[in-house]
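First comes the structure, then the notes that go with it.
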Amino acid sequence: MNYKKLPWRGIIVSLILLISFCCLVYTLIIKNSLTTPTNNINVRTGPNLSYSVKDTLKKGQRIHIMTKKENWYKIRYQDNTGWVASWLVNKPKKGTITTKLSEATIVLDPGHGGSDSGALSQGNQEERTYTLQQAKMVEKQLKRYGANVIMTRKGNQTVSLGDRAELATDNHADAFISFHYDSSPIADSATGFTTYYYHTSTSLRLAKTVNSEFSNLPLTNRGVKFGNFLVIRDNLRPALLLEMGYINTKKDFSQIKSTRYQKRVAVDITKGLNAYFKNLEK
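Mapping of the sequence shown onto my numbering: residues 2 to 283, in sequence order.
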(Lines of atoms letter the chains of each structure in order from A and count residues from 1; the text may use other names and numbers.)
(Lines give C-alpha, C1' and ligand atoms only; values in the text may rest on other atoms or scores of the structure.)
Protein backbone atom coordinates (compact mmCIF):
# COMPACT_ATOMS: atom_id res chain seq x y z
CA MET A 1 0.00 0.00 0.00
CA ASN A 2 1.25 3.45 -0.98
CA TYR A 3 0.67 5.59 2.08
CA LYS A 4 1.69 8.76 0.20
CA LYS A 5 -1.58 8.65 -1.77
CA LEU A 6 -3.79 8.57 1.30
CA PRO A 7 -3.83 12.35 1.96
CA TRP A 8 -5.08 12.99 -1.58
CA ARG A 9 -7.80 10.42 -1.13
CA GLY A 10 -8.77 12.09 2.08
CA ILE A 11 -8.94 15.49 0.40
CA ILE A 12 -11.14 14.10 -2.41
CA VAL A 13 -13.47 12.43 0.08
CA SER A 14 -13.66 15.67 2.07
CA LEU A 15 -14.51 17.66 -1.06
CA ILE A 16 -17.27 15.20 -1.97
CA LEU A 17 -18.70 15.43 1.51
CA LEU A 18 -18.53 19.23 1.43
CA ILE A 19 -20.31 19.40 -1.94
CA SER A 20 -22.99 16.99 -0.70
CA PHE A 21 -23.46 19.09 2.42
CA CYS A 22 -23.80 22.29 0.35
CA CYS A 23 -26.40 20.63 -1.88
CA LEU A 24 -28.31 19.52 1.19
CA VAL A 25 -28.22 23.03 2.64
CA TYR A 26 -29.45 24.46 -0.67
CA THR A 27 -32.32 21.99 -0.81
CA LEU A 28 -33.36 22.43 2.81
CA ILE A 29 -32.85 26.15 3.19
CA ILE A 30 -32.60 28.00 -0.11
CA LYS A 31 -34.68 25.91 -2.50
CA ASN A 32 -37.41 25.31 0.08
CA SER A 33 -37.66 28.97 1.02
CA LEU A 34 -40.06 31.49 -0.47
CA THR A 35 -40.80 35.17 -0.08
CA THR A 36 -44.53 35.89 0.21
CA PRO A 37 -45.77 37.82 -2.89
CA THR A 38 -48.75 39.60 -1.26
CA ASN A 39 -49.99 40.92 2.07
CA ASN A 40 -52.33 39.15 4.48
CA ILE A 41 -51.79 35.52 3.47
CA ASN A 42 -53.60 33.41 6.04
CA VAL A 43 -51.68 30.83 8.06
CA ARG A 44 -54.00 28.03 9.17
CA THR A 45 -53.82 25.30 11.78
CA GLY A 46 -54.20 22.57 9.14
CA PRO A 47 -54.03 21.88 5.38
CA ASN A 48 -57.56 22.93 4.43
CA LEU A 49 -59.69 26.05 4.21
CA SER A 50 -61.91 24.69 6.97
CA TYR A 51 -59.09 25.04 9.54
CA SER A 52 -58.95 28.21 11.62
CA VAL A 53 -56.64 31.11 10.82
CA LYS A 54 -53.86 31.46 13.39
CA ASP A 55 -51.78 34.21 11.79
CA THR A 56 -51.26 36.30 8.65
CA LEU A 57 -48.11 36.89 6.64
CA LYS A 58 -46.90 40.21 5.27
CA LYS A 59 -45.62 40.79 1.75
CA GLY A 60 -41.93 39.94 1.46
CA GLN A 61 -41.88 37.73 4.55
CA ARG A 62 -39.51 34.77 4.30
CA ILE A 63 -41.02 31.32 4.87
CA HIS A 64 -39.46 27.87 4.88
CA ILE A 65 -41.41 24.93 3.42
CA MET A 66 -41.26 21.93 5.73
CA THR A 67 -43.59 19.56 3.87
CA LYS A 68 -46.43 19.51 1.35
CA LYS A 69 -49.87 17.90 1.56
CA GLU A 70 -51.92 18.05 -1.63
CA ASN A 71 -52.06 21.80 -2.40
CA TRP A 72 -50.93 23.03 1.02
CA TYR A 73 -47.52 23.79 2.51
CA LYS A 74 -46.57 23.32 6.13
CA ILE A 75 -44.22 26.22 6.74
CA ARG A 76 -41.90 27.61 9.37
CA TYR A 77 -41.84 31.38 9.70
CA GLN A 78 -39.96 33.20 12.43
CA ASP A 79 -40.45 30.89 15.45
CA ASN A 80 -43.83 29.54 14.33
CA THR A 81 -45.27 26.83 12.11
CA GLY A 82 -48.54 26.54 10.23
CA TRP A 83 -50.20 25.77 6.90
CA VAL A 84 -50.63 28.03 3.88
CA ALA A 85 -52.29 27.44 0.51
CA SER A 86 -49.60 26.80 -2.10
CA TRP A 87 -51.44 28.86 -4.73
CA LEU A 88 -51.11 31.96 -2.55
CA VAL A 89 -47.34 31.79 -2.19
CA ASN A 90 -46.32 30.22 -5.50
CA LYS A 91 -46.01 33.26 -7.71
CA PRO A 92 -45.69 32.02 -11.32
CA LYS A 93 -42.41 32.76 -13.05
CA LYS A 94 -42.42 35.23 -15.91
CA GLY A 95 -43.44 33.53 -19.11
CA THR A 96 -45.50 30.78 -17.42
CA ILE A 97 -48.73 32.78 -17.14
CA THR A 98 -51.39 32.23 -19.77
CA THR A 99 -51.90 35.54 -21.56
CA LYS A 100 -54.06 34.37 -24.47
CA LEU A 101 -57.61 33.07 -24.38
CA SER A 102 -56.71 30.66 -27.17
CA GLU A 103 -54.18 28.98 -24.86
CA ALA A 104 -56.38 28.96 -21.76
CA THR A 105 -58.23 26.12 -20.06
CA ILE A 106 -61.62 27.24 -18.77
CA VAL A 107 -63.85 25.11 -16.53
CA LEU A 108 -67.53 25.97 -16.83
CA ASP A 109 -69.84 24.84 -14.05
CA PRO A 110 -73.60 24.72 -14.73
CA GLY A 111 -75.00 24.94 -11.21
CA HIS A 112 -77.15 22.19 -9.70
CA GLY A 113 -78.26 19.23 -11.86
CA GLY A 114 -79.50 15.68 -11.31
CA SER A 115 -81.24 15.35 -7.96
CA ASP A 116 -80.65 19.06 -7.28
CA SER A 117 -83.08 21.16 -9.29
CA GLY A 118 -81.95 24.48 -7.85
CA ALA A 119 -84.36 27.38 -7.47
CA LEU A 120 -87.75 27.51 -9.21
CA SER A 121 -89.44 30.17 -11.30
CA GLN A 122 -93.00 31.20 -10.60
CA GLY A 123 -94.07 28.62 -13.15
CA ASN A 124 -91.88 25.93 -11.48
CA GLN A 125 -89.22 25.93 -14.19
CA GLU A 126 -85.96 24.65 -12.70
CA GLU A 127 -82.71 26.56 -12.31
CA ARG A 128 -80.61 23.56 -13.39
CA THR A 129 -82.12 23.74 -16.90
CA TYR A 130 -81.03 27.32 -17.53
CA THR A 131 -77.59 27.10 -15.93
CA LEU A 132 -76.78 24.31 -18.39
CA GLN A 133 -78.14 26.28 -21.34
CA GLN A 134 -76.07 29.31 -20.36
CA ALA A 135 -72.88 27.31 -19.80
CA LYS A 136 -73.24 25.61 -23.19
CA MET A 137 -73.67 29.02 -24.83
CA VAL A 138 -70.46 30.24 -23.17
CA GLU A 139 -68.69 27.03 -24.17
CA LYS A 140 -69.62 27.65 -27.80
CA GLN A 141 -68.28 31.20 -27.71
CA LEU A 142 -65.02 30.25 -25.99
CA LYS A 143 -64.31 27.44 -28.43
CA ARG A 144 -64.61 29.92 -31.29
CA TYR A 145 -61.55 31.63 -29.80
CA GLY A 146 -59.66 28.36 -29.43
CA ALA A 147 -59.99 27.98 -25.66
CA ASN A 148 -59.92 24.54 -24.07
CA VAL A 149 -63.30 24.23 -22.33
CA ILE A 150 -64.17 21.65 -19.68
CA MET A 151 -67.75 21.28 -18.40
CA THR A 152 -68.46 19.99 -14.89
CA ARG A 153 -71.64 18.46 -16.32
CA LYS A 154 -72.93 18.13 -19.87
CA GLY A 155 -76.41 16.91 -19.02
CA ASN A 156 -78.73 16.53 -16.06
CA GLN A 157 -76.23 14.75 -13.81
CA THR A 158 -75.61 15.09 -10.10
CA VAL A 159 -72.09 16.40 -9.44
CA SER A 160 -70.86 17.15 -5.93
CA LEU A 161 -69.68 20.66 -5.12
CA GLY A 162 -66.26 19.35 -4.11
CA ASP A 163 -65.83 17.49 -7.40
CA ARG A 164 -66.62 20.65 -9.34
CA ALA A 165 -63.85 22.61 -7.61
CA GLU A 166 -61.43 19.68 -7.85
CA LEU A 167 -61.97 19.46 -11.62
CA ALA A 168 -60.49 22.92 -11.99
CA THR A 169 -57.49 22.03 -9.84
CA ASP A 170 -56.83 18.69 -11.52
CA ASN A 171 -56.85 20.28 -14.97
CA HIS A 172 -54.78 23.34 -13.95
CA ALA A 173 -57.60 25.57 -15.19
CA ASP A 174 -56.81 29.20 -15.91
CA ALA A 175 -60.33 30.17 -14.84
CA PHE A 176 -63.44 28.56 -13.32
CA ILE A 177 -66.93 30.01 -13.77
CA SER A 178 -70.02 28.66 -12.00
CA PHE A 179 -73.47 29.63 -13.32
CA HIS A 180 -76.49 30.19 -11.09
CA TYR A 181 -79.69 32.21 -10.78
CA ASP A 182 -80.83 33.99 -7.64
CA SER A 183 -84.18 33.51 -5.93
CA SER A 184 -85.76 35.98 -3.50
CA PRO A 185 -87.98 35.01 -0.53
CA ILE A 186 -90.85 36.95 -2.11
CA ALA A 187 -91.44 36.63 -5.87
CA ASP A 188 -90.82 39.75 -7.96
CA SER A 189 -89.09 41.49 -5.04
CA ALA A 190 -85.53 41.56 -6.45
CA THR A 191 -83.80 41.90 -9.78
CA GLY A 192 -80.34 41.90 -11.33
CA PHE A 193 -77.17 39.85 -11.59
CA THR A 194 -74.09 39.60 -9.34
CA THR A 195 -70.48 38.49 -9.82
CA TYR A 196 -69.07 36.66 -6.78
CA TYR A 197 -65.47 35.84 -5.86
CA TYR A 198 -63.91 34.38 -2.69
CA HIS A 199 -60.09 34.61 -2.88
CA THR A 200 -58.93 38.20 -3.28
CA SER A 201 -55.43 37.29 -4.45
CA THR A 202 -56.49 34.86 -7.18
CA SER A 203 -60.02 35.80 -8.22
CA LEU A 204 -60.90 39.45 -7.55
CA ARG A 205 -59.12 40.71 -10.64
CA LEU A 206 -60.96 38.16 -12.78
CA ALA A 207 -64.29 39.11 -11.19
CA LYS A 208 -63.83 42.82 -11.85
CA THR A 209 -62.70 42.30 -15.43
CA VAL A 210 -65.56 39.98 -16.39
CA ASN A 211 -68.16 42.08 -14.58
CA SER A 212 -67.03 45.23 -16.38
CA GLU A 213 -68.15 43.68 -19.68
CA PHE A 214 -71.77 43.29 -18.50
CA SER A 215 -72.67 46.91 -19.27
CA ASN A 216 -75.01 46.09 -22.17
CA LEU A 217 -77.27 43.58 -20.40
CA PRO A 218 -80.98 44.44 -19.85
CA LEU A 219 -80.88 43.62 -16.12
CA THR A 220 -79.36 45.60 -13.24
CA ASN A 221 -75.68 44.97 -12.59
CA ARG A 222 -75.40 44.48 -8.83
CA GLY A 223 -71.61 44.51 -9.08
CA VAL A 224 -68.77 42.40 -7.70
CA LYS A 225 -69.21 40.91 -4.25
CA PHE A 226 -67.49 38.51 -1.88
CA GLY A 227 -69.35 35.17 -1.78
CA ASN A 228 -68.77 32.26 0.59
CA PHE A 229 -69.76 29.51 -1.87
CA LEU A 230 -67.97 26.16 -1.72
CA VAL A 231 -67.22 25.85 -5.44
CA ILE A 232 -65.21 29.08 -5.34
CA ARG A 233 -64.12 28.94 -1.68
CA ASP A 234 -62.45 25.53 -2.03
CA ASN A 235 -61.18 26.26 -5.52
CA LEU A 236 -57.43 26.52 -6.11
CA ARG A 237 -57.82 28.35 -9.41
CA PRO A 238 -59.15 31.85 -10.29
CA ALA A 239 -62.87 31.28 -9.77
CA LEU A 240 -66.18 33.15 -10.13
CA LEU A 241 -69.79 32.38 -9.33
CA LEU A 242 -72.28 34.29 -11.46
CA GLU A 243 -75.87 34.82 -10.37
CA MET A 244 -77.26 36.06 -13.68
CA GLY A 245 -80.75 37.14 -12.61
CA TYR A 246 -83.60 36.29 -10.23
CA ILE A 247 -85.41 33.24 -11.50
CA ASN A 248 -88.59 33.96 -9.50
CA THR A 249 -88.85 37.53 -10.81
CA LYS A 250 -90.93 37.62 -14.01
CA LYS A 251 -88.87 40.43 -15.56
CA ASP A 252 -85.60 38.57 -14.95
CA PHE A 253 -86.92 35.17 -15.94
CA SER A 254 -88.09 36.46 -19.30
CA GLN A 255 -84.43 37.25 -19.98
CA ILE A 256 -82.95 34.14 -18.33
CA LYS A 257 -84.88 31.81 -20.62
CA SER A 258 -84.27 33.79 -23.82
CA THR A 259 -81.60 32.70 -26.25
CA ARG A 260 -80.74 36.33 -26.98
CA TYR A 261 -79.92 37.09 -23.34
CA GLN A 262 -77.91 33.89 -22.96
CA LYS A 263 -75.86 34.75 -26.04
CA ARG A 264 -75.21 38.31 -24.87
CA VAL A 265 -74.00 36.96 -21.52
CA ALA A 266 -71.77 34.45 -23.32
CA VAL A 267 -70.26 37.13 -25.56
CA ASP A 268 -69.62 39.41 -22.58
CA ILE A 269 -67.96 36.64 -20.55
CA THR A 270 -65.74 35.79 -23.51
CA LYS A 271 -64.73 39.45 -23.88
CA GLY A 272 -64.03 39.63 -20.16
CA LEU A 273 -61.84 36.53 -20.19
CA ASN A 274 -59.99 37.77 -23.25
CA ALA A 275 -59.25 41.09 -21.53
CA TYR A 276 -58.28 39.33 -18.30
CA PHE A 277 -55.64 37.14 -19.94
CA LYS A 278 -54.22 40.01 -21.99
CA ASN A 279 -53.81 42.13 -18.85
CA LEU A 280 -51.96 39.39 -16.96
CA GLU A 281 -48.78 40.12 -18.88
CA LYS A 282 -48.74 43.72 -17.67
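Heads up, the beta-carbon is just placed ideally off N, CA and C, and yes, glycines get one too.
Just so you know, these numbers come straight off a predicted model, no measurement behind them.
- Within a 10 Å sphere around the beta-carbon of threonine 250 sit 16 or more other beta-carbons, which makes this residue buried.
- Counting only runs of at least 4 residues, the stretch 46-117 fully encloses the following alpha helix (DSSP H) elements, listed from N- to C-terminal order: 87-90.
- For alanine 240, the enclosing beta strand (DSSP E) begins and ends at 240-247.
- If the five residues before and after asparagine 49 are omitted, its C-beta is found closer than 6 Å to no C-beta atom of its own chain.
- In this structure, isoleucine 187 sits away from leucine 241, with a CB-CB distance that is not shorter than 8 Å.
- Glycine 115 sits away from glutamine 79, with the two beta carbons spaced by 8 Å or more.
- Less than 8 Å divides the Cβ of threonine 192 from the Cβ of aspartate 253.
- Take glutamine 123, set aside five residues on each side of it, and the residues of its chain with a beta-carbon closer than 7 Å to its own are Ala188, Asn249, Lys251, in chain order.
- Looking only at Asp110, Thr36, Lys55, Ala169, the smallest Cα-Cα distance to asparagine 72 is reached by Ala169.
- Just measuring C-alpha positions, the residue of Glu244, Gly112, Gly61, Lys55 sitting nearest valine 85 is Lys55.
- Aspartate 171 is classed as exposed because its beta carbon has fewer than 16 other beta carbons within 10 Å across all chains shown.
- By the beta-carbon neighbour count (other beta carbons within 10 angstroms, threshold 16), glycine 163 is exposed.
- Serine 259 counts as exposed, since fewer than 16 other C-beta atoms from the protein chains shown sit within 10 angstroms of its C-beta.
- Across the set Asp183, Pro219, Arg165, the C-alpha of Arg165 shows the shortest separation from the C-alpha of aspartate 235.
- Per DSSP, arginine 165 lies in no beta strand (DSSP E); the unbroken alpha helix (DSSP H) holding it starts and ends at 162-171.
- Residues of the same chain with a CB within less than 7 Å of the CB of glutamine 142, apart from the 5 flanking positions on each side, are Ala267, Val268, Thr271 in chain order.
- Every unbroken stretch of the alpha helix (DSSP H) spanning 4 or more residues and falling wholly within the stretch 132-212 is given here in chain order: 162-171, 201-212.
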